[in-house]
Structures are given as structure tokens and as C-alpha cells.
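Here the structure comes first, spelled out in C-alpha cells, and everything after it is commentary.
In our numbering, the protein residues as written are 1103 to 1393.
Here it is, written out as C-alpha cells:
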């Protein structure tokens, strides 16, 4: 986990921060989507409890809703769709960094009501395990930046391997604690349906607000892909620190399923946006030729 966040810090250049940092209206809305809209939906859902399932699943969805955005896939989908990549790099990275502070605080603020919470000691552990490696990685860029740029494929594999190990550990703990005896097909279907509904609401709100606030198509793409993601890479390490081992499997199960659904849905959206972007560029080129 420390290596994963060290590499995140090493990959984030100050040039990228400067290039995307001036787009403050876009970043402000992405942060609102990630740390305001999502948590409000999570609290409403946990309060409503429309289906009689294990209460820990509702806590799991609430935990999912207070996590930061994912970095790699948000940037990758933005690039694929023809969005504002510089702004995506800055926005997703800022979300991930802010999440190290905000997510544990939101857990302590919101989830005490639901039987789980975070203390200052736990926040300190998260900063030590996640923020410190990130900062060290970023500060080491003058010495390892060129090496990181030359070995992007190896670094990507390291990221993927680290995430797989974290997920494998979470699943192993879930099996040891008998999660599959507690979660039946009905509960799994419930998680899938709620994940789809939650993602659909957030995407629709992001598209509506992007157009309402007058953003262009490239910025709309960035808002959709950065404002609708939740980070598995951040979420599982935080859960290991914030929650007792006996409940981690149930707490992160909604996150693991939501993560897969968001990747599939965003892949479809990215292809659709790409076609729209190409058509718009073709129209602009045609108009320029006629002029």
C-alpha cells in the first residue's frame, strides 16, 4: 500500500498541477460531487433502508459514498473520451489527496450512528500509511521523475498488482469471517441494483450541472468521469485501518461491486463521448474549410 501511494506521488508532476489547477470552477464541482453529493445520497439511503438486508451493507454503501475519486481510471476515461485531461489529472489527484483527510473525518462524523467510526488516532494512521508515502514520492520526483516516465508500463503493473493484493486480502478476510454465509444471492442482487441506481443518479446530476454551469463538452467529460468515481485503491486500505477485522469484508463488498460497475458503465460512456467529440471536431473543421 505504501509503495502504491509512493508511486502516485512520484507520477504527479507539478506542471500537471499548474496546468489543471486554474480551472477552479470545474474542480469545485467535482469536489462537491465527491464529498457532498455522494455522502448526502449515502446518508439518505442508509436512513431510508428500503430493503431488509444486513445493516452492514447499508454501512458499506455509506462508506463507499464518502471515499475520494479514483485517479487512474478517471484520467484514462477522460483521455479516451476526448475530455480535458490536464484538469482531470489535477482534479482526480486533488480528490485522492483530500480524501486522505476528509474521508476519515466523514466516517467519524457520519458513521458513528451506524456502528462504526474513526478517531484521531485512526486518522493519524491513515496519514502515516497513505499521505506520507504520497508526499515522499512527490518530493522525490527531481531524482526519480525521469525513471518513472520511462517505466510507466512497469509502474502501472505495480499499481495493479498492489490493488489486486489489497483486494485479495480483503476477500480472504471476508471468507475467514464467513461473509458468504451471511450474503446470499438476494443481497448480491441488492448491491448490484443499488450500485447502478447510485451511479446513474450521480452521472445524471453531473451532466445536468456541467451544462447548467456552462462548461464546454471537454469539461463536461472531465466532470462526469472525475465526479462519479469511487476509489477501491483508497477505500480498502482505509477500511483496514478504520474498521474491525470482523466487519471489513461486509463493509467493502459494496465498494468492490460498485467499482466493477463504474468501470463498465464509464467504458460505454467514454465510447459515446468519443463519437460526439469526433463529430464536433469534424463539424468545426468543415465550418473552417467553408469559411
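Think of the CB as a built atom: it goes at the ideal place given N, C-alpha and C, for glycine as much as any other residue.
Source: prediction; values computed, not measured.
From 1388, 1314, 1387, 1108, pick the residue whose C-alpha is nearest to that of residue 1240; which is it?
-> As a position in the chain shown, residue 1240 is number 138, starting the count at 1. The candidate whose alpha carbon is nearest that of residue 1240 is 1108.
Environment of residue 1304 [buried if 16+ CB atoms lie within 10 Å] = Reading the chain shown from its first residue, position 202 is the one you call residue 1304. Buried, since its Cβ has 16 or more Cβ neighbours within 10 Å.
Considering only the beta carbon of each residue, do residue 1332 and residue 1171 sit closer than 8 angstroms?
-> In the chain shown, the residue the question calls residue 1332 occupies position 230. In the chain shown, the residue the question calls residue 1171 occupies position 69. Closer than 8 angstroms, so yes.
Determine the direct distance from the alpha carbon of residue 1150 to that of residue 1144, and round the result to whole angstroms.
-> Taking the chain shown and counting its residues from 1, one reaches residue 1144 at position 42. Taking the chain shown and counting its residues from 1, one reaches residue 1150 at position 48. Cα to Cα, residue 1144 sits roughly 10 angstroms from residue 1150.
From what residue to what residue does the alpha helix (DSSP H) around residue 1246 run?
-> If you number the chain shown from 1, residue 1246 lands on position 144. First-last of the alpha helix (DSSP H) with residue 1246: 1243-1252.
Secondary structure at residue 1199, three-state DSSP: helix, strand or coil?
-> The residue labelled residue 1199 in the question sits at position 97 within the chain shown. Of the three classes helix, strand and coil, the one that applies to residue 1199 here is helix, per DSSP.
Would residue 1294 pass as a contact of residue 1338 if the rule is Cβ separation under 8 angstroms?
-> Indexing the chain shown from 1 puts residue 1294 at position 192. Indexing the chain shown from 1 puts residue 1338 at position 236. Contact flag unset, no.
Backbone CA spacing between residue 1312 and residue 1129 [nearest angstrom] = Residue mapping note: residue 1312 aligns to position 210 of the chain shown, counting from 1. Residue mapping note: residue 1129 aligns to position 27 of the chain shown, counting from 1. Answer to the nearest angstrom: the Cα atoms are 12 angstroms apart.
When DSSP labels each residue in this structure, what does residue 1170 get in the three-state scheme?
-> If you number the chain shown from 1, residue 1170 lands on position 68. Coil.
Residue 1105, DSSP secondary structure in three states | Position 3 of the chain shown, counting from 1, holds the residue named residue 1105. In the structure shown, residue 1105 sits in a helix (DSSP, three-state: H, G or I).
Rank 1292, 1198, 1183 by C-alpha distance to the C-alpha of residue 1382 and give the top, closest one.
-> To locate residue 1382, count along the chain shown from 1; it is residue 280. The option with the nearest alpha carbon to residue 1382 is 1183.
Near residue 1322, which residues of its chain fall below 6 angstroms by C-beta distance, leaving aside the five closest residues on each side in sequence?
-> As a first step, residue 1322 is located in the chain shown; it is residue number 220 there, counting from the start. Within the same chain, residue 1322 has close Cβ partners 1312.
Nonlocal neighbours in the same chain, by C-beta distance under 6 angstroms from residue 1328, ignoring five residues either side | Counted from its first residue, the chain shown places residue 1328 at position 226. Close CB contacts of residue 1328 within its chain, under the 6 angstroms cut and outside five residues either way in sequence, are with 1132, 1171, 1176, 1190, 1193, 1194 (chain order).
Segment limits, alpha helix (DSSP H) that includes residue 1125 | Mapped onto the chain shown, residue 1125 falls at position 23. Per DSSP, residue 1125 belongs to no alpha helix (DSSP H) and is neither H nor E.
Specify the secondary structure class of residue 1321 as computed by DSSP and reduced to three states.
-> As a working mapping, residue 1321 is identified with position 219 in the chain shown. If DSSP states are grouped into helix, strand and coil, residue 1321 belongs with the helices.
Decide if residue 1364 is buried, meaning its Cβ has at least 16 other Cβ atoms within 10 Å, or exposed.
-> Taking the first residue of the chain shown as position 1, residue 1364 is located at position 262. It is buried - the Cβ of residue 1364 has at least 16 other Cβ atoms within 10 Å.
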